[in-house]
Amino acid sequence: MAEDIKENAMSGGTPERLRGLAANGDSISPTLAEVAKALPKRNEFTIKLEPESSYSLRGYTYNTLFVYESLNFGGGCLVLLGWHATIVYGDSIFSNTDKANSISIYNTAQAEAVIKNNKTEKVTLKINVV
1 MAEDIKENAM SGGTPERLRG LAANGDSISP TLAEVAKALP KRNEFTIKLE PESSYSLRGY
61 TYNTLFVYES LNFGGGCLVL LGWHATIVYG DSIFSNTDKA NSISIYNTAQ AEAVIKNNKT
121 EKVTLKINVV
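Here the sequence shown stands for residues 1 to 130, where the numbers follow full-length UniProt numbering.
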């Protein structure tokens, strides 16, 4: 019987529908929009920090963040958050210690990370948690 079923020749392009199996084993054919809706969403948020104010990243330990300053400097960095250490790689306006005239992203003694605005002006940060 399988010999009777032939696939059409496949070419490149964007499909209208996909084929697959549901959790119960039934054959399904969702659209690309349905597949995209079912995928997990990335956690993205924006914070505004006044000079010398801070934002707690409690609950984000063991994550990777992409942080972008969106108003004044336009810089960004990659942040690796661990239990006791934070690694910041990117523009010089970012630091992994509580440093003057920077946007500091560092661990506190309570296994919590903090973003602190040590600059003299308000900053708006866009944060993507991976």
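Cβ coordinates follow ideal geometry from the N, Cα and C atoms, glycine included.
Bear in mind that the values here come from a model prediction, so they are computed numbers and not experimental data.
Span of the alpha helix (DSSP H), counted from its first residue to its last, around residue i
i, result
"V67", "Segment 63 to 69 is the beta strand (DSSP E) holding V67; no alpha helix (DSSP H) there."
Proximity below 7 Å, CB of residue i to CB of residue j
i, j, result
"N128", "S102", "no"
"G90", "L78", "yes"
"V67", "L125", "yes"
"V130", "T64", "yes"
"Y106", "T86", "yes"
Endpoints, the beta strand (DSSP E) within which residue i is located
i, result
"K126", "123 to 129"
"K48", "43 to 49"
"K116", "113 to 117"
Inter-residue CB distance, residue i and residue j (contact presumed, cutoff 8 Å)
i, j, result
"E69", "I93", "7 Å"
"S29", "R17", "5 Å"
"Y60", "L81", "6 Å"
Same chain only: Cβ atoms within 6 Å of residue i, ignoring 5 sequence neighbours per side
i, result
"S95", "S102, S104"
"G75", "E69, D91, I93"
Counterpart residues of residue i in DSSP-defined beta bridges
i, result
"G90", "C77"
"N107", "A113"
"L21", "S27"
"S95", "S104"
Residues near residue i in its chain [Cβ-Cβ closer than 7 Å; skip 5 each side]
i, result
"S53", "N117"
"R58", "E112"
"F45", "I127"
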